[in-house]
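Order-wise, the sequence lines are chains A and B. The numbering used here puts the first residue of the first sequence at 35, with every later residue one more than the last. The numbering used here puts the first residue of the second sequence at 35, with every later residue one more than the last. Ideal placement from N, C-alpha and C gives every residue a C-beta, glycine not left out.
There are 2 protein chains.
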Amino acid sequence: MPRIIGRDERVTPRSGAEDIVAAIAESTRASLAAVNASLGEIAAVACSAPGPLDHRGGIVHEAPNVVGFIDYPLGPRLAEELGVAAIYLDRDTIMAAVGEAVAGAARGARNFIYVTISTGIGGAIVIDGRLLRGAANTAGEIGHFPVALEGPRCGCGSYGCVESLAAGRFVAEAYGVDDAARVYAAAAAGDEAAERIVTRAEKALGNLAVGLANALSPALIVIGGSVAEHEPSHTLEPMRRAIADRAFKVAAAAVKIVPAALGRDVGMLGAVIYGRERVAGRDEWFR
Amino acid sequence: MPRIIGRDERVTPRSGAEDIVAAIAESTRASLAAVNASLGEIAAVACSAPGPLDHRGGIVHEAPNVVGFIDYPLGPRLAEELGVAAIYLDRDTIMAAVGEAVAGAARGARNFIYVTISTGIGGAIVIDGRLLRGAANTAGEIGHFPVALEGPRCGCGSYGCVESLAAGRFVAEAYGVDDAARVYAAAAAGDEAAERIVTRAEKALGNLAVGLANALSPALIVIGGSVAEHEPSHTLEPMRRAIADRAFKVAAAAVKIVPAALGRDVGMLGAVIYGRERVAGRDEWFR
Chain A
35 MPRIIGRDER VTPRSGAEDI VAAIAESTRA SLAAVNASLG EIAAVACSAP
85 GPLDHRGGIV HEAPNVVGFI DYPLGPRLAE ELGVAAIYLD RDTIMAAVGE
135 AVAGAARGAR NFIYVTISTG IGGAIVIDGR LLRGAANTAG EIGHFPVALE
185 GPRCGCGSYG CVESLAAGRF VAEAYGVDDA ARVYAAAAAG DEAAERIVTR
235 AEKALGNLAV GLANALSPAL IVIGGSVAEH EPSHTLEPMR RAIADRAFKV
285 AAAAVKIVPA ALGRDVGMLG AVIYGRERVA GRDEWFR
Chain B
35 MPRIIGRDER VTPRSGAEDI VAAIAESTRA SLAAVNASLG EIAAVACSAP
85 GPLDHRGGIV HEAPNVVGFI DYPLGPRLAE ELGVAAIYLD RDTIMAAVGE
135 AVAGAARGAR NFIYVTISTG IGGAIVIDGR LLRGAANTAG EIGHFPVALE
185 GPRCGCGSYG CVESLAAGRF VAEAYGVDDA ARVYAAAAAG DEAAERIVTR
235 AEKALGNLAV GLANALSPAL IVIGGSVAEH EPSHTLEPMR RAIADRAFKV
285 AAAAVKIVPA ALGRDVGMLG AVIYGRERVA GRDEWFR
C-alpha cells in the first residue's frame, strides 16, 4: 500500500479550465515543497479527473460537476504547466478501481464493479482483470444509467440518472441545502421532506444495484465515495437488500457487495497506484 | 447463412416442464419426418431456451414467462428424450446474438449489444468478440435492469424492469388485451389509455438505451424481436432519439443502433449457427 507523504488540497475554481490547471500546478508544487522534493525526483505524475474523458490523449470531454471542462486537453496542459514529459490522466473512478484492485477491497478479484457514491455517482467495470473501456471510453459511467422515468435535470443534461437522484450534490439540492449530511440528519430526525428524498435516493441505488447484478452479473461490487462511507445504511445496505429481494436468485447468490477499503484518499492512492502501474508498462489491465 | 429445411411450431404447454420436454421432442421428430431425416443424420442439436440458465449443465434456473422451469435440467432431459449424446443449450438471446454476429447485422463487430423486444425483453453483451457471461451467467439480461422507481410486478418478481414496462406481454396486460399489437393500434387511433402505456414503454426503452450507451459504450446495438420488428417507430426510433438527446455526446457518437437482420427466425437460425460453432470447438467466442 502506498503512503501519502505530501498533501495539498484546494477548492476547485469555478472560473474556467485554465484556472483549474493553474491551481493544480500550484498545489502540486506546494505539496512537493512541503516534503523538500522536486518534480525531477518524481517517477510518475498521475491525474485523477472527472469524466467522460480520453485517457490516451488526456482530453476531458465533459465533466458534469466541473465548470469549463469541455473537450479540454487537461493532460497535455498540465504536463506543459508542470514541465514534465507526460501525465497519466484517467477517470477518477478508473483510478479508484485500480487502487481497490491492487491494494484494497477488490484484491484478487478479476471481475468486479467499482461504484462511487459521492458528489456524483460513477464507477468502473473490470472484466477478466481488464478495464472495460467501451467504444467511447465511457464504460463504467453507471451514475448516468437512468433508473427513473422522470426526475430533476442531471448535470449531464439528462434526467432519471441514478446520480441525479442519489448523489450527494443532488440529495442536498433537492432539500435546498449544500451538504447531503444535513438531509440524512433531517430524515433521521423525522423530517418528512428529507425522508422522501432519502427514500427516493435509496430506491434509485437499489435499481442500479439490481440492474448491475442482473445485466452484468459481477462477482463483486465495491462501494466507495464519501456518501457511501458516511451513510452505509442509506447506500450499501439498501443496495444489498435490493439485490437480495429483487435480482435473479443466481445473480444475487454470486455477487458480494463490500465497502471500499481505501477510504477518503482513494482518489490519490488510486492515482499513485495507477501511475506506478502505467510506468511498469501495464495499461488496460493490472495485477 | 443457414437455410431452414424443416419446421414444426407448437404452443408451449402451461402444464409443467415434463410436458414441455415431451412437446419439444415430438416437434423435433415431426420436423425431421417432414424432410425424411432422422436424428442419426444430424450434426448437432441445439436448444434455444429462456434464461437465466447454466449453459454448461443445461439447467434453466428460472424462466419468468414459462411455467415449470425452476432449476430444471432441460438440456439433459431433452437429450435423454431424444436419445442423443448432447444438446447445445443456451439462452435464446445468446443464440440470437451469435446468429446476428455470424450471419446478421453484427457481422464483423467485436463489441456490440443485442437487444430483443418481444414477449419479454432480453439481450446479450459481446466484448472483444466474446460473450459476457458474468459470475452467474445472467450477463446480458438487460430486460431486468430496473428503469423506473415503481411499476407493475415483473415476471421475475421485481418491478421497474424495462421488460415489465415495454415487453409485448406487459404492454398487452397493461391494456387488458392479449396482444400488444392491439395497444399500438389503439394508441395510433388516439385512445388515451393506450397512448399512456405506449409512451411509458418508449420512455423505459429510452432509459435502457441511454444507460447502455453511457455505462457500456458499445459500438453497435442490434435490436431484434417481434415487437421491435413490427413497431420500429415505438422501439428502435425512440431508443435512437433518447441516445442522441440524453447520452454522453461521445458515447452517442460512437454507437450505431440498427435493426436485427435475421427476422422472426432468429431463434432457430441462431440456434443452428450456435450449434455449428460449438461443434467446431468454438465456445465463449465466435467468428
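| query | result |
| --- | --- |
| Provide the residue span of the alpha helix (DSSP H) that contains Pro293/A, from first to last. | Note, Pro293/A: premise wrong, no alpha helix (DSSP H); beta strand (DSSP E) at 290–293. |
| Could you confirm whether any beta carbon from chain B is found closer than 9 Å to the beta carbon of Asn99/A? | no |
| With DSSP collapsed to three states, give me the class of Ala80/B. | strand |
| I'd like to know whether the C-beta atoms of Ala78/A and Val313/A end up nearer to each other than 9 Å. | yes |
| Counting beta carbon pairs with one atom in the region 246–255 of chain B and one in the region 165–182 of chain A, are three or more of them shorter than 8 Å? | yes |
| Going along chain A in order, which residues have a C-beta closer than 7 Å to the C-beta of Ser192/B? | Val244, Arg280 |
| Look up Thr127/A in the DSSP assignment and give the residues it is bridged to. | Paired residues: none, contrary to the question. |
| Pull the bridge partners of Cys190/B from the DSSP assignment, please. | None; Cys190/B has no bridge partner. |
| Got a sec? Which residues, its chain only, sit under 6 Å from Glu115/B by beta carbon, not counting five neighbours each side? | Val55, Ala59 |
| At which residue ranges does the region 68–123 of chain B contain complete beta strand (DSSP E) runs of 3 or more residues, listed in the order of the chain? | 80–83, 93–96, 104–106 |
| Would you kindly work out how many angstroms separate the C-alpha atoms of Glu271/A and Tyr106/B, rounded to a whole number? | 32 Å |
| Excluding the 5 residues preceding and the 5 following Arg274/B in the sequence, name in chain order all residues of the same chain whose CB lies nearer than 6 Å to its CB. | Ile291 |
| Can you round the beta-carbon distance between Asn241/A and Leu183/B to whole angstroms, since I take them to be within the 8 Å contact cut? | 7 Å |
| Show which residues of chain B have a CB atom less than 7 Å away from the CB atom of Thr172/A. | Asn248, Ser251, Phe282, Val284, Ala285 |
| Residue range of the beta strand (DSSP E) that Gly27/A falls in? | As displayed, chain A neither begins before 35 nor continues past 321, which places residue 27/A out of reach and without an answer. |
| In chain A, which residues lie less than 9 Å from Val181/B when you measure between Cβ atoms? | Phe179, Pro180, Val181, Ala182, Leu183, Gly194, Asn241, Gly245 |
| In angstroms with no decimal places, state the Cα-to-Cα distance between Arg230/A and Ser267/A. | 16 Å |
| If you measure between the beta carbons of Arg203/A and Ser260/A, is that distance less than 9 Å? | no |
| Please go through the same chain and pick out, in chain order, the residues whose beta-carbon is closer than 8 Å to the beta-carbon of Gly244/A, but skip the five residues on each side of it. | Per the sequence shown, residue 244/A should be read as Val rather than Gly. Here the set comprises Ala276, Ile277, Arg280, Ala281. |
| Between which residues of its own chain and Phe179/A is the CB-CB distance below 8 Å, once the five residues before and five after are set aside? | Cys195, Val196, Leu242, Gly245 |
| Since Ile128/B and Ala97/B are thought to touch, with beta carbons under 8 Å apart, how far apart are those beta carbons, to the nearest angstrom? | Not quite, the Cβ-Cβ distance comes to about 14 Å (not below 8 Å), so this is no contact. |
| From Phe103/B to Gly50/B, what distance separates their C-alpha atoms? | 8 Å |
| When you compare only the Cα positions, how much space is there between Pro84/B and Arg125/B? | 6 Å |
| Using 9 Å as the limit for Cβ to Cβ distance, is His95/B near chain A? | yes |
| In whole angstroms, give me the CA-to-CA distance for Val217/B and Ala223/B. | 10 Å |
| Taking the straight line between their C-alpha atoms, what separation do you get for Glu75/B and Val101/B? | 32 Å |
| Can you check DSSP and say which residues form a bridge with Thr150/B? | Gly156/B, Gly258/B |
| Determine the chain A residues that contact Gly258/B at a beta-carbon separation under 8 Å, and present them in chain order. | Under the 8 Å cutoff, chain A gives no residues; its nearest Cβ is about 17 Å from Gly258/B. |
| At a Cβ cut of 8 Å, what residues of the region 288–300 of chain A count as close to chain B, listed as they run along the chain? | Ala288, Val289 |
| From Pro47/A to Ala235/B, what distance separates their C-alpha atoms? | 42 Å |
| Along the region 62–96 of chain A, what residues have a CB closer than 7 Å to any CB found in chain B? | Pro86, His95, Glu96 |
| So Glu134/A and Ala262/A are in contact, right, with Cβ under 8 Å, and what is the actual spacing, rounded? | 13 Å between Cβ atoms; not a contact. |
| For Ala67/B and Lys237/B, what's the separation of their Cα atoms in angstroms? | 46 Å |
| How far does the alpha helix (DSSP H) with Leu270/B in it extend, from its first residue to its last? | 270–280 |
| Excluding five sequence neighbours on each side, which residues of the same chain lie with their C-beta closer than 7 Å to the C-beta of His335/A? | What is shown of chain A runs 35 to 321, which leaves residue 335/A out entirely. |
| Assuming Val132/A and Asn145/A are in contact, meaning their beta carbons sit under 8 Å apart, how far apart are those beta carbons, in whole angstroms? | That belief does not hold up - the Cβ atoms of Val132/A and Asn145/A are roughly 15 Å apart, past 8 Å. |
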